[in-house]
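To keep things clear, I will list the structure first and then write my remarks on it.
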Amino acid sequence: MTTTEMSTKERMAIPRQPMPELAPETRRRSFAEVNLGYDAETAIREATRCISCRRPPCVAGCPVGVRIDLFVPMIAAGDFAGAAQIVADDNALAAICGRVCPQEAQCEGACVLERKHRSVAIGNLERFIADWDRERGGSPVEVAPPTGHRVAVVGSGPAGLTCAADLARRGHDVTVFEALHEPGGVLAYGIPQYRLPRNIIAAEVGRIRDMGVALETDAVIGMADTIDELLGDAGFEAVFIGSGAGAPRFIGIPGEDLVGVSSANEFLTRVNLMKAYRPDATTPVYDLEGAHVAVFGGGNTAMDSVRTALRLGADRAVIMYRRTVEDMPARREEVVHAEDEGVEIMPLVAPVEFLGEDGRLTRVKMIRMEQGEPDASGRRRPTPIDSTEFVEEIDVAIVAIGNDPNPILRRTTADLAHTSRGTIEVDPATGATTKRGVYAGGDIVTGGATVILAMGAGRLAAREMDAGLRHGE
Ligand code: FAD
Ligand code: SF4
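Just so we're aligned: 459 in numbering that gives the first Met the number 0 is position 460 of the sequence shown, and the numbers increase by one with no gaps anywhere.
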C-alpha cells in the first residue's frame with residue numbers, strides 16, 4: 000500500500016518519529032551538531048502522519064505562514080523537489096527555523112494531532128527538506144524586475160534578513176547594514192554551533208545575497224551614518240530597523256565586577272564569533288578546563304551558555320534559577336539535552352553576592368527562594384526565604400537574565416518614539432514607526448523573543464514598505 004492510500008486511522012497509528020541525536024557522552028565535549036536530522040525514509044514516515052485537515056491550523060500557527068499543508072503531504076508522497084520549492088518560496092531561513100523555532104508553541108502547538116497523539120514533527124520535516132534542497136544547490140527563487148526603489152535595513156538578524164529577502168524578491172534594491180563582522184544577529188553570535196552549524200547560516204545568508212541583497216558588515220548605524228543620513232544624502236527611500244536587543248542586563252549585586260563574572264552575551268559572542276576557545280584567540284574566555292561554572296537564568300541563553308561551558312571543559316556546569324524548572328522559559332528540548340549531558344539544575348535559588356580573592360571570583364553567596372503570588376508574567380513571584388544563605392565554590396559566573404535594546408539608534412534618530420523599556424514603538428498592523436519611511440520589527444520592538452516572531456515582523460514590514468514605495472508614499 001502506498002502512503003497516499005492509507006486511511007486517516009492508519010496514519011494516526013504511526014508514532015511520531017524521534018529525531019536521531021548524538022549520544023550525550025559524545026556530544027558533551029564536542030561542538031558537533033546534536034540533532035542529526037531525518038533520513039528520507041523517516042521523513043516520509045513522519046509526513047504520512049499528517050491527516051491533511053481541511054482547514055489546517057498549523058499554517059496559521061506559523062508567523063511567516065509556511066504552507067505546511069502543501070509541503071508535508073508532498074514529502075509523504077516522495078515529491079521532495081515540490082516540497083523544497085514551497086518551503087524555499089515561503090521561508091528564506093527554513094533550515095534555521097527547522098532547527099531553532101519553538102515549534103511546540105507555533106505550528107506544532109496548533110496541530111490537531113497534538114492533543115491525543117503527538118503533533119506532526121513539522122520543524123523536523125522543514126529541516127529535512129531545507130537540507131535536502133541545499134545539498135542539491137537550492138530551489139530557484141523568483142525575483143521581480145528592478146523597481147528602482149532603494150531600501151536600507153539596519154541589522155542582519157532574522158528580522159532584517161527576512162525583510163531584506165522579501166523586499167529584494169519584490170524587485171527593490173536593498174542594502175543591509177550590520178554592526179558586527181558577520182551577518183546573522185543572534186543566529187551567528189548567540190546560538191552555538193552544536194544547535195545551529197555555521198555552514199547553515201552561511202548558506203541561507205548566501206541565498207539572500209543571491210537575490211541581490213547587498214550586505215555591509217562592520218557598519219554601525221548611529222555612528223558611521225545615522226538613519227536620518229540614510230534617508231537623506233545616502234538616497235534610501237525607506238529604512239527597516241531590525242537591530243535586536245543585544246545589551247545585556249546585570250543582576251546588580253556586589254562583586255559583579257570581579258574577573259570571572261560575565262554576561263551570557265559576551266561569553267557566547269566570544270566563543271561563537273571570535274573563536275575564543277582557541278589558544279591563539281585575541282579575545283579569549285577563561286580557561287574552563289576543570290572549572291566550576293554557574294549560569295544564572297532559565298532561558299535559551301542560559302541553556303546555551305551552560306552547555307557551551309561544559310563543552311569547553313567545565314567540571315561542574317550548573318544552572319541557578321530563581322523559579323522552578325517548570326517555569327524555565329527555555330525550550331523543553333534544550334533542558335532535556337542539557338540534563339542528559341550532565342548539566343545540573345538548581346531551582347529556587349538566587350545569588351546575593353559574588354565573592355572573590357585578588358579581584359577574581361571564587362565563590363557565590365546564594366539564598367533559597369519560595370514561590371509567592373503570581374506576578375505580571377502570570378508566574379508565581381519568587382521571594383527569598385530568610386536565613387537560608389549558603390555559599391557555592393564557583394570559578395566562572397555567567398549572567399543570562401535577559402537583554403535590552405541598544406540605545407544608539409533611538410539616541411541618534413529624530414522623531415522615533417520608544418517605550419520606557421527602550422523598545423521602538425510601532426503600529427502593530429504595519430510595523431511603521433512614528434518616523435516617516437521608517438519601519439521596525441523583531442526584538443527591537445518586542446524585547447527578547449524568538450527567531451520566527453522576528454521573521455514574521457520582518458515579513459509584515461516588507462509587505463507594507465513595498466506597498467508604500469509603489470504608491471509613492
Ligand atoms: P538580532 O538577532 O539580535 O539581530 C540584530 C542585529 O542587528 C545584530 O546582528 C546586531 O549586531 C545588529 N545591530 C544592532 N544595532 C545595530 C546598529 N546600530 N547598526 C547596525 N547593526 C546593528 N529564539 C528562537 O526562536 N529559538 C532559539 O533557540 C533561540 N535561542 C536563543 C539563544 C540565545 C543565546 C539568544 C540570545 C537568543 C535566542 N533566541 C532564540 C531569540 C532569538 O535569537 C531572537 O529573538 C532573534 O534573533 C531576534 O531577531 P532580530 O533580528 O530582531 O535581532
Ligand atoms: Fe513551524 Fe517555524 Fe517552520 Fe513556521 S518556520 S512552519 S513556526 S518550524
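Ideal Cβ placement from N, Cα and C applies to all residues, glycine included.
With distances taken from CA atoms, which of E24, V294, E369, I451 is nearest I480? This structure gives no information on residue 480, because the portion of the chain shown stretches from 0 to 472.
For G447, which residues from the same chain have a beta carbon less than 7 Å from its beta carbon, with the 5 sequence-adjacent residues on both sides left out? In the sequence shown, counting from the first residue as 1, residue 447 sits at position 448. Excluding residues within five positions, the ones whose Cβ falls inside 7 Å are A244, G401, N402.
For V348 and R321, which I take to be in contact (beta-carbon distance under 8 Å), what is that distance rounded to the nearest angstrom? Position 349 of the sequence shown, counting from 1, holds the residue named residue 348. Position 322 of the sequence shown, counting from 1, holds the residue named residue 321. About 7 Å separates the two Cβ atoms, so the contact holds.
Closer than 6 Å: is that where the CB of I240 sits relative to any heavy atom of the ligand FAD? The residue you call residue 240 lines up with position 241 of the sequence shown. For the ligand FAD, not one heavy atom lies less than 6 Å from the Cβ of I240.
Kindly identify the DSSP beta-bridge partner or partners of V348. Here residue 348 is taken as the residue at index 349 of the sequence shown, counted from 1. Paired residues: R367.
Check this for me: beta carbons of C162 and A461, under 7 Å apart or not? Counted from its first residue, the sequence shown places residue 162 at position 163. Counted from its first residue, the sequence shown places residue 461 at position 462. Result yes, Cβ atoms of C162 and A461 sit closer than 7 Å.
Would you say I207 touches the ligand FAD, meaning its beta carbon is less than 6 Å from a heavy atom? As a first step, residue 207 must be located in the sequence shown, where it is residue number 208. Checking the Cβ of I207 against the ligand FAD gives no.
Between which two residues does the alpha helix (DSSP H) harbouring P157 extend? Here residue 157 is taken as the residue at index 158 of the sequence shown, counted from 1. It spans 157–168 - the alpha helix (DSSP H) in which P157 sits, taken as one unbroken run.
When the Cα of D442 is compared with those of D374, R435, G455, which residue comes out closest? Counting from one through the sequence shown, the residue named residue 442 turns up at place 443. Scanning D374, R435, G455 for the CA closest to the CA of D442 turns up G455.
With a threshold of 8 Å on Cβ separation, who are the neighbours of M368 within its own chain once the five nearest residues in sequence on each side are excluded? Residue 368 sits at position 369 when you count from the first residue of the sequence shown. R321, R322, L347, V348, A349, P381, T382, P383, I384.
At which residues does the beta strand (DSSP E) containing D303 begin and terminate? Counting from one through the sequence shown, the residue named residue 303 turns up at place 304. Note, D303: premise wrong, no beta strand (DSSP E); alpha helix (DSSP H) at 299–310.
DSSP bridge partner residues for E4 (one or two, in chain order): The count along the sequence shown starts at 1 and reaches residue 4 at position 5. In the DSSP output, where bridge partners are listed per residue, E4 has none listed.
Reference A301, options R330, R277, D286, M273, closest by Cα: Along the sequence shown, one-based indexing puts residue 301 at 302. It is R330.
Once the 5 residues before and after K115 are set aside, which same chain residues still bring their CB inside 7 Å of it? Taking the first residue of the sequence shown as position 1, residue 115 is located at position 116. Within the same chain, no Cβ atom closer than 7 Å to the Cβ of K115 is found once the five residues on either side in sequence are excluded.
Quick one: Cα of A157 to Cα of I451, how far? Indexing the sequence shown from 1 puts residue 157 at position 158. Indexing the sequence shown from 1 puts residue 451 at position 452. Reading the sequence as shown, one finds Pro at residue 157 and not Ala. So the alpha carbons of these two residues sit roughly 8 Å apart.
Range covered by the beta strand (DSSP E) that runs through A448: Along the sequence shown, read from residue 1 onward, the residue named residue 448 stands at position 449. A448 -> no beta strand (DSSP E), and no H or E assigned at all.
Count the other C-beta atoms from every protein chain shown that fall within 10 angstroms of the C-beta of F266, then say buried if there are 16 or more, exposed otherwise. On the sequence shown, residue 266 is found 267 positions in, with the first residue counted as 1. So F266 counts as buried.
D172 (DSSP reduced to helix, strand or coil): Indexing the sequence shown from 1 puts residue 172 at position 173. Correct three-state label for D172: strand.
Quick check: is any heavy atom of the ligand FAD less than 6 Å from the C-beta of T422? Position 423 of the sequence shown, counting from 1, holds the residue named residue 422. Incorrect: T422 has no Cβ contact closer than 6 Å to the ligand FAD.
Roughly how many angstroms lie between the CA atoms of G241 and Q102, to the nearest whole one? Within the sequence shown, numbered from 1, the residue matching residue 241 stands at position 242. Within the sequence shown, numbered from 1, the residue matching residue 102 stands at position 103. Roughly 22 Å between the two C-alpha positions.
For R420, which of R248, K364, I43 has the nearest alpha-carbon? Here residue 420 refers to the residue found at position 421 of the sequence shown. It is R248 whose Cα lies nearest to the Cα of R420.
Given a cut-off of 7 Å on the beta-carbon distance, is the pair V292 and A263 in contact? Here the question's residue 292 lines up with position 293 in the sequence shown. Here the question's residue 263 lines up with position 264 in the sequence shown. At the C-beta level, V292 and A263 stay beyond 7 Å of one another.
Going along the chain, which unbroken runs of the alpha helix (DSSP H) with 4 or more residues stay wholly within the segment 9–64? Within the segment 9–64, the complete alpha helix (DSSP H) runs of at least 4 residues are 23–26, 39–47, 56–60.
Check whether R117 and R15 have beta carbons under 7 Å apart: Within the sequence shown, the letter at position 118 stands for residue 117. Within the sequence shown, the letter at position 16 stands for residue 15. Remark: C-beta atoms of R117 and R15 approach each other more closely than 7 Å.
Tell me the DSSP bridge mates of Y438? Counted from its first residue, the sequence shown places residue 438 at position 439. DSSP lists F239, A431 as partners of Y438.
Whether P406 touches T422 by CB criterion (7 Å): Within the sequence shown, numbered from 1, the residue matching residue 406 stands at position 407. Within the sequence shown, numbered from 1, the residue matching residue 422 stands at position 423. Cβ atoms of P406 and T422: not closer than 7 Å.
Unbroken beta strand (DSSP E) run spanning H291, endpoints: Mapped onto the sequence shown, residue 291 falls at position 292. For H291, the enclosing beta strand (DSSP E) covers residues 291–295.
Examine the Cβ distances between the segment 33–46 and the segment 116–130 and report whether three or more of them are shorter than 8 Å. When Cβ pairs closer than 8 Å are counted between the two stretches, the segment 33–46 is seen to touch the segment 116–130, the count reaching three or more.
Measure from the alpha carbon of D465 to the alpha carbon of each residue in D357, V444, V150, then state which is nearest. Within the sequence shown, numbered from 1, the residue matching residue 465 stands at position 466. Nearest to D465 by C-alpha distance, out of D357, V444, V150, is V150.
With a Cβ-Cβ cutoff of 7 Å, do H171 and T216 count as a contact? Residue numbering aside, residue 171 sits at position 172 when the sequence shown is read from its first letter. Residue numbering aside, residue 216 sits at position 217 when the sequence shown is read from its first letter. Contact flag unset, no.
Less than 6 Å between C-beta atoms, sequence neighbours within five positions excluded: which residues of the same chain meet that for I366? Mapped onto the sequence shown, residue 366 falls at position 367. Apart from the 5 residues on each side of it in sequence, I366 sits with its Cβ closer than 6 Å to the Cβ of A349, V351, P383, T387, E388 in its chain, given in chain order.
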